[in-house]
Structure formats: structure tokens, C-alpha cells
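Scroll down for the structure; my scribbles are underneath it.
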Amino acid sequence: MEQNIVDKIKVNPDYQELVKKRTAFSIKLTIAMLVVYFGFILTIAFDPAALAVPISEDSVTTIGIPIGMAVIVFAFILTGIYTKRANGEFDDLANKIKESIKDS
Amino acid sequence: MLNRIFLFLILGSIAVFASGTIEGEIQKQALNIPAIVMFVIFVGATLGITYWAAKRTKSAKDFYTAGGGITGFQNGMAIAGDYMSAASFLGISGLVYLKGYDGLIYSIGFLVGWPLILFIIAEPLRNLGKYTFADVASYRLRQTPIRTLAAFGSIATVILYLIAQMVGSGKLIQLLFGLQYEVAVILVGVLMILYVTFGGMLATTWVQIIKAFLLLSGATFMAIAVMAHYDFSFGALFAHATELKGVEIMSPGGLVSDPVSAISLAVALMFGTAGLPHILMRFFTVGNAKEARKSVFFATGFIGYFYILTFIIGFGAIVMVYKNPEYLDLAKQAISGGYPILGGNNMAAIHLSHAVGGDFFLGFISAVAFATILAVVSGLTLAGASAISHDLYASVFKKGQVDGLKEMRVSKIATVVLGIVAIIMGIAFEKQNIAFVVGLAFAIAASANFPVLLLSMYWKRLTTRGAVIGGSLGLATAVLLVILGPIVWVQILGNAEAIFPYKYPALFSVTVAFIGIWFFSVTDKSESAKEEMEAFEAQYIRSQTGIGAEGASEH
């Protein structure tokens with residue numbers, strides 16, 4: 002990439018918006034995933050008995066089972082949320098930036 | 304010429320199985336016609352695809368990335384096919400069978416790396432790279448040292464992973480057909496070499512897609528069959544399972560007994576997934592960042608669904624296989640007591656397929672498990688061969704002065720060599736626990752590949768010196784700690800006590816890598832380090848916008 006294009010994109014408000022929004026969004030979702038997963042794994046490490054509580058009195062099923070399943074579903078939902086926004090809003094911004102350098 | 308080779312192979316594999324069943328009778332294995340028929344159909348179909356793909360694989364780009372024209376959905380399926388290995392299917396369902404809840408903990412760890420790949424890695428990777436992740440890591444850094452390091456990280460990961468797959472395949476075929484372990488491993492190696500050398504990424508991708516479809520269908524059927532026995536009540540299934548194995552299978556057990564092991568395993572699985580060369584390579588097969596994102600979305604869905612199925616399958620095996628005289632290994636029971644099953648715990652899912660669907664379904668699942676192994680080893684070998692041809696040969700030895708066809712030829716030679724290495728290692732590692740060999744591959748991917756890749760994308764001050772020293776330290780630490788740890792030092796080398804007490808070294812080795820990279824980058828005051836930092840801006844713009852990125856080739 003030539004330096005003049007770099008300089009031009011750098012000051013493009015669309016580019017700045019894209020980077021700012023996407024970075025914030027990625028960080029938020031990453032933290033959400035880390036908190037949920039490490040919350041789960043650290044519970045297992047420090048207090049495994051917490052997950053061994055039965056879901057009801059006469060049941061052998063522990064709350065650890067639905068919680069574990071929920072972590073899997075949560076991971077999938079997060080990828081859906083990111084993909085939807087990035088393939089719409091972020092790609093639109095990226096396309097606007099591409100258009101802006103075509104004019105020059 | 305190609306035609307004749309394929310015909311020969313199809314006939315050859317039939318002959319091998321025919322002879323295998325004779326031996327099988329000696330070992331008192333029932334002649335499993337459905338398994339053989341379905342396996343031969345799969346091999347025939349995939350060799351057909353390979354033949355089709357071979358005619359379309361003309362350039363290096365075709366060979367490495369299938370021309371870059373795979374769609375997001377197809378790639379998601381192929382990624383799932385690449386990731387749902389025999390170790391996942393047999394190992395995790397075997398772990399659930401053995402320890403219940405611990406198997407779920409393990410599989411969740413394997414899944415949670417995927418969202419992170421999407422949020423952090425997929426897009427810049429697609430926008431900056433061409434064939435291998437080393438393209439990205441070396442984008443603004445010095446080619447020779449960075450690519451050498453990345454190639455070593457890739458090859459180490461690939462070979463370890465290959466060992467796990469080969470061992471799984473050998474045992475599986477041995478159990479199902481009574482075929483000699485060595486013969487089975489050689490058969491897998493030869494088929495994989497054919498797929499990759501002739502069909503490249505295109506054949507590999509379609510083998511993975513077909514396999515993912517078959518595996519998900521088969522596992523779905525098994526899970527439904529298990530649940531149908533209990534009127535689709537998890538409570539009833541778990542109640543029966545705990546009657547047989549005790550209530551402790553419903554809660555966390557010994558897999559992660561202390562906080563350090565827990566975090567270390569989590570780090571290895573999360574960051575390791577994002578550092579697997581055969582997975583990263585898949586992102587270059589799609590046309591743009593949009594398709595790359597869709598790939599991860601679909602892959603995460605398929606993989607997550609699959610892990611839920613393996614959990615049900617593991618419990619299904621507890622209620623239907625455990626203590627079932629049909630699957631009991633009497634010889635082993637006479638020595639060690641308990642209720643060992645034929646072929647060991649990793650065969651729990653295979654026995655369950657027989658319990659729910661008889662010989663026919665056992666045949667189907669056996670063929671699927673075998674297809675799984677073939678698909679995964681093909682992807683691995685292609686990634687390993689690319690590291691050798693694209694990173695080491697073309698970029699390091701030839702300094703980029705080589706034409707694509709020559710590079711492709713080297714890649715094919717590397718494929719054959721890796722295939723032979725895989726066969727030898729598969730035979731040598733016959734007795735190891737396959738799930739933990741994969742753990743080791745993840746530790747190296749997390750400690751050497753991932754930190755360098757991540758920081759090369761996002762950290763302006765990263766320099767060649769920092770990346771090389773830090774990445775090497777991470778790699779060395781991971782390998783050393785594994786050798787000194789309980790599995791190698793105690794179980795394999797027979798020492799009384801491990802020098803490094805934890806099974807999973809990633810927490811330490813990843814930390815060492817990041818600190819090493821940071822320290823040797825910030826203290827790098829050389830002129831080239833300054834240039835590397837200045838080049839960051841242009842790289843970052845490309846990684847964020849895709850301007851200047853590799854597109855799909857036209858077909």
C-alpha cells in the first residue's frame with residue numbers, strides 16, 4: 002500500500018469509526034466469552050461442589066449439566082452476534098472506505 | 304495414469320480388507336460386511352473427488368487454497384470436519400463414558416476458542432495472508448527468521464496431531480476388521496497422501512465436508528437412539544447411568560483437580576485452537592472477510608452441536624455398553640478386574656453404535672470414524688506440507704524467487720514425506736492415550752504460534768527479534784514442561800515423580816512466550832525494528848479494511 006493512500010485512509014472518519022467500533026465490539030465480546038468460560042472453569046477448580054448440586058431434590062441431574070450446555074450455546078450465539086454486525090455495519094463502512102480511495 | 308492409480312487403490316483396499324477379515328476370524332472378529340462395503344464406497348467416492356479436484360488444481364493457489372472460492376457455509380462445514388477429529392469423537396465420548404461430566408469440561412474447552420478466533424483472528428488473517436499463517440506473522444517482519452519459527456511451530460503441531468489420528472485409526476480398524484494395526488496405519492497414510500498430493504486443498508475440503516456431514520448424521524442418530532430409550536428424558540438417562548457408575552459422574556471429577564491445571568488447560572485449548580496451522584489455513588480458502596466470518600459462525604454451530612451429541616453418546620455408552628457382556632474384554636478383566644470394554648474406553652462410541660443399530664450401523668459408524676481420520680490427517684498434512692514448501696522452501700531457502708509450480712511440486716514431495724513420518728510415528732506411538740497427545744499439540748500451538756500471530760496483527764512495537772526469541776522460548780518451554788511433566792516423565796519414561804507437576808503446561812509456556820516477545824521487542828533499538836514499527840500502519844489498515852487483500856481466483 003502506498004504511503005499516500007495510508008495517509009488518506011488514516012484520517013478518513015469512516016476508517017476511524019470502523020476501527021473504533023469494531024475494536025470496542027470485539028473486546029466486549031471477547032471479555033464476555035472469557036468471563037463465562039473462566040467463570041465456569043474456575044468454579045470447577047475452586048468449588049466443584051457448586052456444580053454438583055442437583056437441579057431438584059429427587060433428581061441426579063446436577064446444575065453443572067445445563068450450565069455446561071449453556072456455555073456451548075452461549076459461544077455459538079456470540080459468533081452469531083458478531084457475524085451479523087460485522088457482515089452488515091462494519092462491511093458497509095469498509096466498502097465506503099474502499100470507494101473513497103477509488104475517487105482519487 | 305491417474306485413473307489407473309485410483310482403480311488400483313480401490314481394488315487394493317478391497318483386497319486388503321478381504322485379507323483382513325481372514326485375520327479377523329483368527330482374532331474372533333465377526334465379519335462385518337456393511338462396514339467394509341461402506342468404507343469402500345467412501346474411499347471410492349473420495350478418490351473420485353480427488354480425481355475431479357486434481358484436474359482443477361493447476362496453480363499453487365489452487366493447491367493451497369482451492370482457488371479461494373469456497374463459500375462460508377462450505378468452509379464452516381469443512382472447518383468442523385477438520386476439527387472434529389477421531390480424538391474428539393472417540394476420545395471425548397470415551398472420556399464421558401469413563402468419567403461423565405469431566406468429558407463435558409474437556410469438550411467445552413475445545414469449543415470456546417472459536418468465538419475468539421472470530422473476534423480477533425479470522426478477519427485480519429484473511430485480509431493479510433495468502434497460504435499460511437506465517438504470511439501474516441511475517442507480513443512486516445523479516446521473512447527468514449519468522450517463517451522458520453512459524454514452520455517449526457506448524458510442523459510440530461501437525462506431527463503431534465497426526466500421531467493421535469494415526470493411533471486412533473490403527474486401533475479402530477484393528478478392532479473392527481481384525482486387520483493388523485500396522486497395515487491399518489499404512490492404509491490411512493497412503494490414502495491421505497493420495498488425496499493431498501493429487502487433489503490439494505480442493506479435494507481435502509470436500510473430503511472434510513462429506514465427512515462432517517456423515518459424522519454429524521451418525522452421531523445425531525446415535526444420540527436420538529439413546530434418548531428414545533428414555534423417552535427423551537435426560538433425567539431418566541442420567542438416573543440409569545448413575546445407578547451403574549455412581550453419582551460422581553454427574554459432577555466435576557479429577558480432570559481439573561487444582562486451579563493451576565484448570566487455567567492451564569483452558570489456556571491451551573482456547574489459544575491453541577487459534578494457533579492450529581491446519582485450521583488457520585482454512586481461512587484462505589474463502590473469497591473475503593465476510594465469508595471468513597460466516598465460516599466461523601457455522602463451524603462453531605456444528606462443533607458445539609457435535610459436542611452436545613458426544614456427551615449424550617458417552618452417557619449412552621454407560622447405560623448400554625458398560626457391564627454389557629457383549630462388549631466386555633474378558634482377558635483384561637481376568638487380569639485387572641472391573642468391567643473393561645474391548646479395545647479400551649476410546650471404543651465406547653463404536654460399541655454403542657452396535658448396541659443401538661446392530662451390525663449395519665456399527666459398519667456405518669466405523670466407516671465414518673475412519674473417514675474422520677482420513678479427513679483430519681489430510682488437512683493436517685496439507686498444512687504441514689505448506690509450512691515446508693511455502694514457508695521454508697519458497698520463502699526461506701529461495702527467498703521468494705521461485706515459481707508457483709515448482710513450489711507446488713515441493714509441497715507434494717513434503718506431503719509424501721509427512722505421510723511416511725505419520726505412518727512411522729503412528730506405529731511407534733501405538734500405546735499412548737490419544738486425547739493427551741492432542742493436548743500436547745494444543746500447548747505448542749498456544750505457546751509458539753498464537754502469541755506471534757496475535758501480536759503481529761495488533762501490536763505495533765513487535766519486532767522480529769522479539770517474535771523469534773519469545774516464540775522460540777514459548778515453544779521450548781511447552782516441550783520441556785511436557786517432557787518433565789507427569790505423562791512423559793512418569794508414565795512413559797518410568798520415573799517415580801514428575802519434575803513439573805502439571806499435565807498442562809500452557810499457562811506457563813504461553814506466559815513465557817508473551818513476556819519474551821514483549822521484552823525482546825521493546826528492548827530492540829535496531830534500525831530494522833524501527834522500520835518494522837513504521838510498517839505497522841499500512842498493515843493495520845489492510846487488516847481492518849481488506850484493501851489489497853488476496854481475492855478468489857477465477858475458475
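Chains S and F are the protein sequences, given in the same order. Under my numbering, think of the first position of the first sequence as 2, with each following residue one higher. Under my numbering, think of the first position of the second sequence as 304, with each following residue one higher. Every residue, glycine too, gets a C-beta built ideally from N, C-alpha and C. Treat the numbers as computed from the prediction; the structure is a model and nothing was measured.
Check	Outcome
Beta-ladder partner(s) of residue 631(F), from DSSP	644(F)
Near-chain F residues of the stretch 82–93 of chain S - C-beta to any C-beta below 7 Å	83, 84, 87, 88, 92
Terminal residues of the alpha helix (DSSP H) in which residue 837(F) lies	830–837
Close Cβ partners of residue 583(F) (< 7 Å) along its chain, the five nearest in sequence each way excluded	428, 436
Run of the alpha helix (DSSP H) containing residue 553(F), from where it starts to where it stops	First-last for residue 553(F): undefined, no H or E at that position.
Beta carbon of residue 806(F) nearer than 8 Å to that of residue 795(F)	no
Within chain C, partners of residue 377(F) - CB distance below 7 Å	As a matter of chain content, chain C is missing from the structure shown, whose protein chains are S and F.
Option nearest residue 450(F) by Cα separation, candidates 694(F), 406(F), 359(F)	694(F)
Span of the alpha helix (DSSP H) around residue 412(F)	404–414
Contacts that residue 69(S) makes with chain F (C-beta to C-beta distance below 9 Å)	404, 407, 408, 410, 411, 614
Bridge partner(s) assigned by DSSP for residue 671(F)	In DSSP, residue 671(F) forms no bridge with anything.
Amino acids of chain S, ordered along the chain, whose beta-carbon sits closer than 7 Å to that of residue 554(F)	49, 52, 53, 63, 65
Under 8 Å from the C-beta of residue 611(F): neighbouring residues of chain S	70, 73
Three-state class that DSSP yields for residue 705(F) in the structure shown	coil
For residue 576(F), the three-state DSSP class (helix, strand or coil)	helix
Which residues DSSP lists as bridging residue 589(F), in chain order	373(F)
Contact list for residue 60(S) against chain F, beta-carbon separation under 9 Å	538, 541, 542
Sufficient close CB pairs (3 or more, under 8 Å) joining the stretch 746–762 of chain F to the stretch 703–716 of chain F	no
N- and C-terminal bounds of the alpha helix (DSSP H) containing residue 799(F)	Run containing residue 799(F): none; DSSP gives neither H nor E here.
Start and end residues, alpha helix (DSSP H) containing residue 446(F)	446–480
Beta-bridge partners of residue 63(S), as assigned by DSSP	55(S)
Interface partners of residue 561(F) on chain S, CB under 9 Å	46
Under 9 Å from the C-beta of residue 99(S): neighbouring residues of chain F	848, 849, 850
C-beta neighbour in chain S for residue 585(F), strict 8 Å	no
C-alpha gap between residue 87(S) and residue 607(F), whole angstroms	22 Å
Spatial distance of residue 611(F) from residue 761(F) (CA atoms)	34 Å
Closer than 7 Å at the beta carbon, the chain S residues around residue 422(F)	27, 30, 31, 83
Neighbour list for residue 1(S) in chain F, Cβ cutoff strictly below 7 Å	Coverage of chain S is limited to positions 2 through 105, which leaves residue 1(S) absent and any answer about it impossible.
Cα-Cα separation between residue 360(F) and residue 366(F), rounded to whole angstroms	6 Å
Residue 680(F) to residue 803(F) span [Cα, whole Å]	31 Å
Chain F residues whose Cβ lies nearer than 9 Å to that of residue 11(S)	840, 844
The stretch 620–631 of chain F / the stretch 639–646 of chain F touching (three or more Cβ pairs under 8 Å)	yes
Presumed contact (8 Å Cβ cut-off) between residue 278(F) and residue 555(F), rounded CB distance	Here chain F comprises residues numbered 304 to 858, so residue 278(F) is not present and cannot be evaluated.
6 Å Cβ shell around residue 683(F) - same chain, five flanking residues per side excluded	461, 464, 465, 581
Buried or exposed (CB count within 10 angstroms, at least 16 for buried), residue 594(F)	buried
Per-residue contacts from residue 793(F) into chain S (C-beta, under 8 Å)	Under the 8 Å cutoff, chain S gives no residues; its nearest Cβ is about 22 Å from residue 793(F).
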